[in-house]
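**Q** Read left to right, the sequence shown gives residues 1 to 397 (my numbering).
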Amino acid sequence: MTEKLAIEGGTPVRESYLPYGRQSVDDADIQAVVDVLKSDWLTTGPKVPEYEKAFAACVDAEFAVAVNSGTAALHAAVHAAGIGPGDEVIVTPMTFAASANCVVYAGARPVFVDVQPDTLNIDPGAIERSVTPRTKAIVTVDYTGHPCDYDEIRKVADDHGLKVIEDAAHALGAVYRGAKIGSFNEFVAFSTHPVKHITTGEGGVVVTDDPDSAERLRHFRNHGITTEHRERQNKGGWLYEMVDLGYNYRLPDVLCALGISQLGKLDSWLVRRRSLAAHYTEALAQIPEVRPLAVRSYVQPAWHLYVVQIDLKRMTVDRATVFRALRAENIGVNVHYIPVHYHPFYRERFGTSENLCPIAEAAYDQLVTLPLFPGMSQADLGDVIRAVHKVVHRYRR
Ligand SMILES: *Cc1c(COP(=O)(O)O)cnc(C)c1O
Numbered sequence: 001m002t003e004k005l006a007i008e009g010g011t012p013v014r015e016s017y018l019p020y021g022r023q024s025v026d027d028a029d030i031q032a033v034v035d036v037l038k039s040d041w042l043t044t045g046p047k048v049p050e051y052e053k054a055f056a057a058c059v060d061a062e063f064a065v066a067v068n069s070g071t072a073a074l075h076a077a078v079h080a081a082g083i084g085p086g087d088e089v090i091v092t093p094m095t096f097a098a099s100a101n102c103v104v105y106a107g108a109r110p111v112f113v114d115v116q117p118d119t120l121n122i123d124p125g126a127i128e129r130s131v132t133p134r135t136k137a138i139v140t141v142d143y144t145g146h147p148c149d150y151d152e153i154r155k156v157a158d159d160h161g162l163k164v165i166e167d168a169a170h171a172l173g174a175v176y177r178g179a180k181i182g183s184f185n186e187f188v189a190f191s192t193h194p195v196k197h198i199t200t201g202e203g204g205v206v207v208t209d210d211p212d213s214a215e216r217l218r219h220f221r222n223h224g225i226t227t228e229h230r231e232r233q234n235k236g237g238w239l240y241e242m243v244d245l246g247y248n249y250r251l252p253d254v255l256c257a258l259g260i261s262q263l264g265k266l267d268s269w270l271v272r273r274r275s276l277a278a279h280y281t282e283a284l285a286q287i288p289e290v291r292p293l294a295v296r297s298y299v300q301p302a303w304h305l306y307v308v309q310i311d312l313k314r315m316t317v318d319r320a321t322v323f324r325a326l327r328a329e330n331i332g333v334n335v336h337y338i339p340v341h342y343h344p345f346y347r348e349r350f351g352t353s354e355n356l357c358p359i360a361e362a363a364y365d366q367l368v369t370l371p372l373f374p375g376m377s378q379a380d381l382g383d384v385i386r387a388v389h390k391v392v393h394r395y396r397r
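#1: Can we count His343 as close to ligand 1, meaning its CB is less than 7 Å from some heavy atom?
#2: Pairing CB atoms from the segment 102-110 with CB atoms from the segment 67-83, are three or more of them under 8 Å?
#3: Please name the residue in Thr200, Glu3, Glu8 and Gly10 whose C-alpha comes closest to that of Asp26.
#4: Return the CA-CA distance between Ile30 and Asn334, expressed in angstroms with no decimal places.
#5: Under 7 Å from any heavy atom of ligand 1, does the C-beta of Glu166 make it?
#6: The alpha helix (DSSP H) with Leu276 in it runs from where to where?
#7: If you run the structure through DSSP and keep just helix, strand and coil, what is Gln31?
#8: Ligand 1 and Gly161: does any heavy atom of the ligand fall closer than 7 Å to the residue's C-beta?
#9: Go ahead and pull the three-state DSSP assignment for Ser191.
#10: Which residues mark the beginning and the end of the beta strand (DSSP E) in which Ser110 is found?
#11: From this set, Arg274, Thr192, Tyr364 and Val308, which residue's C-alpha is nearest Met376's C-alpha?
#12: Report yes if the C-beta distance between Val111 and Ile83 is below 8 Å; otherwise report no.
#13: At what residues does the beta strand (DSSP E) containing Ile90 begin and finish?
#14: Tell me whether Lys403 is buried or exposed, calling it buried when 16 or more other Cβ atoms sit within 10 Å of its Cβ.
#15: What does DSSP give as the partner residue(s) for Asp167 in the beta ladder?
#16: Relative to the C-alpha of Val242, which residue among Tyr364, Gln262, Arg221 and Gln309 is closest?
#17: How is the beta strand (DSSP E) around Pro292 delimited, first residue to last?
#18: Please determine, among Glu15, Tyr337 and Leu312, the residue with the shortest C-alpha to C-alpha distance to Leu305.
Printed below as a string of structure tokens:
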């Protein structure tokens, strides 16, 4: 039996729209924020180091530096890694623009290299082939929360003296060969935007094991100034020194309190995300036109996103039609990502164009992100699966 698609005037699978991601905020989170609002310190107060300590402990890192976005975290990491004009930094195109923009902020050149076809994570072999005498670092992205192949990436990095800056915006709680994401690369940047694993509204954190790097990161988020307001107040003085050009990238205490409260729930949310992902994988095995990404045996993904590839050879329509049909069913599908080198800014400034990263580009044409967030119910997931069945049934060859 063929049900009439909502896009063709039929009844949608759901009455209400199911977003692809959504925060969970409870009364304890709200109380934590209210408590800080009633305290003396709305920013640069005691909640900042408390949050940083809790975050570092959570990812098995030595130091954490809280900033006011994931993008600021990447900018700070690139700066602390010593990247500057004339340098090249190798970047994956299968990411949000911020992963490459941070390289441009530093005056350096992003060099896009292709991804592995099954995980869509950066390909260590492609990194090796793109290294030049100007290459200083690699920005990796643990796409969807699946860690990259770090043993191979580490080998290339060590062979050529490159720093690894990990954009772990998707990967809070992920594990690579028994080691938590955040515990082994020079700089690891996280985001706490509402669709990510925990939220502070806007926010980010950089973790590192190197005390000098941690100090550079702290200066960078505070105008390049060596002491913070509270330290000066405690010392009763007015002197401060600006030793570097920094920014105001500070995360207020109000939001650090929210972050502390949210961190306490991360483990249970990871369990939920992994369970939902397992259900998707099992249900989608019945639909050969829709292929989940590969999961390596030696990783535990954090499942920020559940991404599938639509096998267009088996379909009578393109991805855009499948996308619109699922949206019409009130399923908040999305596409992660438009390859960064496709954006007009990169084409114009760096001369990028199609065929630069053919694997990422071919994958992009087939990508659809299905809804996945801890507050999603089993019934919500059932709706997604029903909608995918319905749409594929209508459009399969
Ligand atoms: C969310 C995200 C960022 C940026 O984080 P913001 O907190 O939104 O600035 C960077 N990289 C990736 C891969 C992301 O998903």
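Glycine is no exception: its CB is placed at the ideal position from the N, C-alpha and C atoms. Since the model is a prediction, treat every value here as computed from it, not as a measurement.
**A** Checking against the coordinates, here is how it stands:
#1: Taking the first residue of the sequence shown as position 1, residue 343 is located at position 343. Because no heavy atom of ligand 1 lies under 7 Å away, the Cβ of His343 does not count as near it: no.
#2: Touching, yes.
#3: Here residue 26 refers to the residue found at position 26 of the sequence shown. It is Thr200.
#4: Position 30 of the sequence shown holds residue 30. Position 334 of the sequence shown holds residue 334. Going from the Cα of Ile30 to the Cα of Asn334 covers about 29 Å.
#5: Translated into positions along the sequence shown, residue 166 becomes position 166. Glu166: no, Cβ never under 7 Å from ligand 1.
#6: Residue 276 sits at position 276 when you count from the first residue of the sequence shown. Per DSSP, Leu276 is one residue of the alpha helix (DSSP H) stretching across Leu266 to Leu284.
#7: Position 31 of the sequence shown, counted from the first residue, corresponds to residue 31. Reduced to three states, the DSSP call for Gln31 is helix.
#8: Counting from 1 along the sequence shown, the entry for residue 161 is found at position 161. No, the Cβ of Gly161 stays beyond 7 Å of every heavy atom of ligand 1.
#9: Counted from its first residue, the sequence shown places residue 191 at position 191. DSSP, read as helix, strand or coil, puts Ser191 in strand.
#10: Along the sequence shown, read from residue 1 onward, the residue named residue 110 stands at position 110. Contrary to the premise, residue 110 reads as Pro rather than Ser in this sequence. If you look at Pro110, you'll find it in the beta strand (DSSP E) that goes Arg109 to Phe112.
#11: Numbered from its first residue, the sequence shown carries residue 376 at position 376. Comparing C-alpha distances from Met376 to each of Arg274, Thr192, Tyr364 and Val308 shows the shortest one belongs to Arg274.
#12: The sequence position of residue 111 within the sequence shown is 111, counting from 1. The sequence position of residue 83 within the sequence shown is 83, counting from 1. Not in contact: Val111 and Ile83 (Cβ atoms no closer than 8 Å).
#13: Position 90 of the sequence shown, counted from the first residue, corresponds to residue 90. Per DSSP, Ile90 belongs to the beta strand (DSSP E) from Glu88 to Val91.
#14: Residue numbering for the chain in the displayed model covers 1 to 397; residue 403 lies beyond these limits and cannot be assessed.
#15: Within the sequence shown, the letter at position 167 stands for residue 167. Asp167 is bridged to Val141 and Ala189.
#16: One-based indexing of the sequence shown puts residue 242 at position 242. Per the sequence shown, the amino acid found at residue 242 is Met instead of Val. Looking at the Cα atoms, Arg221 is the closest of the given residues.
#17: Walking along the sequence shown from the start, residue 292 turns up at place 292. Annotation: the continuous beta strand (DSSP E) that includes Pro292 extends over Val290 to Pro292.
#18: On the sequence shown, residue 305 is found 305 positions in, with the first residue counted as 1. For Leu305, the closest of Glu15, Tyr337 and Leu312 by C-alpha to C-alpha distance is Tyr337.
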